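Just remember that the numbering used here sits 641 ahead of the position in the sequence shown, which is counted from 1.
One structure is given here, and the rest of the page talks about it.
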Amino acid sequence: MSKYSDPTLSTRTIWWFFAIAFVALFAGYGLRDPWPADEPRFVLVAKQMVESGNWLFPHRGIELYPDKPPVYFWLLALSYFLIGSWRWSFLLPSLLSGMAVLWLVYDLGKRLWQPRAGLWAAAAVLVSLQFMYQFKRAQIDPTLVLMTTASFYLIARHVLLARDWRMLCGGFALAGLGVITKGVGFLPLLALLPLAAYRHGQCTPMTAARRGDGWRWLGVFGCFLSPIALWLSAIVYLGLNSGNPEHAEYLNNILFKQTAERYANPWHHYEPFWYFAEIIALFWLPFSLSWFWLITPWRKAFAERDLRVLFPLLWGVLVLLFFSISSGKRDMYILPALPAFALAAAPYLQSISERHGFRRALLAFVLVLGLIFTGLGIAALSGQAGFAEALVSERGLGAEVRWLWWMLVVCGGISLVLGLWSRTRRVLTATAISLGAFWLGYGLVAYPVLDASSSARNLMHQAFVQAGPGTEIGMVAWKEQNLLQARGNVTEFGFRQPDAVQLARGMAWMRESPQTRLLLVHENKELACIDYGGPGTLAMEKANRRSWWLVNIDALAGCGDSARAE
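See the structure below:
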């Protein structure tokens, strides 16, 4: 068998692949509102940018939001301007990013080896569970992955294919843009470390250095710093000259606390050093099944100093190591490394797919997936599943939840039937159809079934109706989705403030006009002084696993001594 894949690949096959990818990513588009934890926050920030025209200092309600740079919010706002609806636009950056990442992986694999190898690499990315899950969400990470992949793509074309300083400059500029999208946007520059180590060796391929390249590299680093400098100069100038102390606090938070301090001394999401090995093994399935058979060809690539394999492979390892060193970890952090590992595997995936051991492992994956989905669905439909009862109770779901259980049964049944029919001979087709069925079901069934309980749309509409015309609503212990989907006159008292402080401010606000003002409160132990269920309270429907109440001033009689503004 040849070292690399068969070069023949029809244009129709490529078009079919990207059409299937688009359908899987698009499924459910427009069928839900932003869901917690991050989506409502980001959309709210973008919405307030559009309404206020303040594009440099993001806000969450009345407070500045210094946790993330502004580029992703700008993209959300641009999507809204293009479409005119937040519901129909908030997933657009992730959708387009997903398609672009797949094309970049395919095109670079094609250029480094052959079209079929590029398609195998793109398919490895597409079938990975984490890729589909994250790119069907409105988080910053899909956009970050696009920027890091595009940056690496341009750097690799200069290093491995042909000297093109404009491409290299573009790659570095994208890395700089990535930094002001999310602080770790510089990750593609880590690829320079293995490049420097191999520069003096006999490597295949590597563009030869020439006289004067040192000055060119200096200019390239200028391309990296340019977008960062433009953004920094604007916010520093305005922050120091606005006279607003919040701007100075914003600068300190965004430049130090949310970057170096968060990496070196994180304050949440503590995980052990090997955490990402577990994520790769489980959430990169079924691509991760191939890694056992990739060890030998990767070792051979090291021996042969083949940078086409080593360049993406070592960059992926460095990304993995970078995030593993910090004690604060979340599963999506290493998503930028997925395209890199897929590219390093590209020339070997077809031959691995023909191995009986790999096909048996893939068949086991399909059958186990089918058993899990079918078992969960049947247990839920029969009323024998504790998780189903908990889900219904926490979210306040009704009879519509049965469609979610039927979706699991159907998807599980498809996987089982295909697995038993295909055996190992057609297991690749069975895997593709099984995963496709699940992601279609997730978008077309789970989205509409869970939307009312996962977003705050119904809750805020109910509060608006129950409050009546001319009544103002103040929110205490609120979440971003409440303000994002609020209707009528709504007031909030600071998101970062403790619940008791919010309540005290809300009481003072209500006393100014007790006949026309109500509070919407989230029931919790910090607000136990409220007479829930007593006179002056009205229970709202559950949303986001929380119980909400609409209360008037009478229900707060017991809070006079416990609530105080600070």
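Note that beta-carbon positions come from the ideal geometry of N, C-alpha and C, so glycine has one too.
Every value quoted in this text rests on a predicted model; they were computed, and no experiment measured them.
Practice item. Return yes when the Cβ of Gly817 is within less than 7 Å of the Cβ of Phe865, no when it is not. Key: yes
Point to revise | Close beta carbons around Leu1076, own chain, < 7 Å, minus the five adjacent residues each side | key: Val768
Practice item. Would you please state the rounded distance, in angstroms, between the beta carbons of Leu1003 and Trp761? I believe it to be under 8 Å. Key: 14 Å between Cβ atoms; not a contact.
Check your understanding: Given that a residue counts as buried once 16 or more other Cβ atoms are within 10 Å of its Cβ, and exposed if not, what is His888?
Key -> buried
Review point. Using the rule of at least 16 other Cβ atoms within 10 Å of the residue's Cβ for burial, across every protein chain shown, is Tyr713 buried or exposed?
Key: buried
Exercise for review: Can you grab the Cα-Cα spacing for the pair Ala803 / Leu926, in whole Å?
Suggested key: 34 Å
Review point. Between Leu984 and Pro938, is the Cβ-Cβ spacing less than 7 Å?
Key: no
Review point. Which residue comes first and which comes last in the beta strand (DSSP E) that contains Trp1208?
Key: What is shown of the chain runs 642 to 1207, which leaves residue 1208 out entirely.
Check your understanding: Around the C-beta of Ser931, are 16 or more other C-beta atoms found within 10 angstroms, so that it is buried, or is it exposed?
Key -> buried
Check your understanding: Going by beta carbon distance, what residues of the same chain come within less than 6 Å of Thr1132, once the five residues before and after it are set aside?
Key -> Gly1115
Point to revise | Secondary structure, alpha helix (DSSP H): runs of 4+ residues fully inside the segment 980-1015 | key: 990-994
Practice item. Kindly indicate which residue of Ala1020, Gly1011, Ala1040, Ala1021 has the alpha-carbon position closest to the one of Leu1059. Key: Gly1011
Practice item. Starting from Glu945, follow the beta strand (DSSP E) in both directions and report where the run begins and ends. Key: Note, Glu945: premise wrong, no beta strand (DSSP E); alpha helix (DSSP H) at 932-945.
Check your understanding: Under the rule that 16 or more other beta-carbon atoms within 10 Å means buried, what is Tyr670, buried or exposed?
Key -> buried
**Study point:** Own chain residues within Cβ distance below 6 Å of Ala741, not counting five before or after
**Key:** Leu787
Exercise for review: Alpha carbon to alpha carbon, how far is His700 from Asn893? Give it in angstroms, no decimals.
Suggested key: 16 Å
Point to revise | Simplified DSSP state of Leu1179, which is helix, strand or coil | key: strand
Review point. What are the boundary residues of the alpha helix (DSSP H) that Glu1133 is part of?
Key: Counting along the chain, Glu1133 falls outside any alpha helix (DSSP H), though it belongs to the beta strand (DSSP E) covering 1131-1133.
Check your understanding: Can you list, in chain order, the residues of its chain whose CB lies under 6 Å from that of Ile724, leaving out five sequence neighbours each side?
Key -> Ser730
Point to revise | Contacting residues, own chain, Cβ-Cβ under 6 Å from Leu733 (five flanking each side not counted) | key: Ser720
Point to revise | CA nearest to the CA of Val960, picked from Leu830, Gly1135, Phe722, Ala668 | key: Leu830
Review point. According to the neighbour-count rule (16 or more other Cβ atoms, all chains shown, within 10 Å of its Cβ), is Leu881 buried or exposed?
Key: exposed
Review point. With distances taken between CB atoms, is the gap from Asp708 to Leu976 smaller than 7 Å?
Key: no
Check your understanding: On the three-state DSSP scale, how would you describe Ile1114?
Key -> strand
Point to revise | Which listed residue (Gly969, Lys777, Tyr891, Phe982) has its alpha carbon closest to that of Glu680 | key: Lys777
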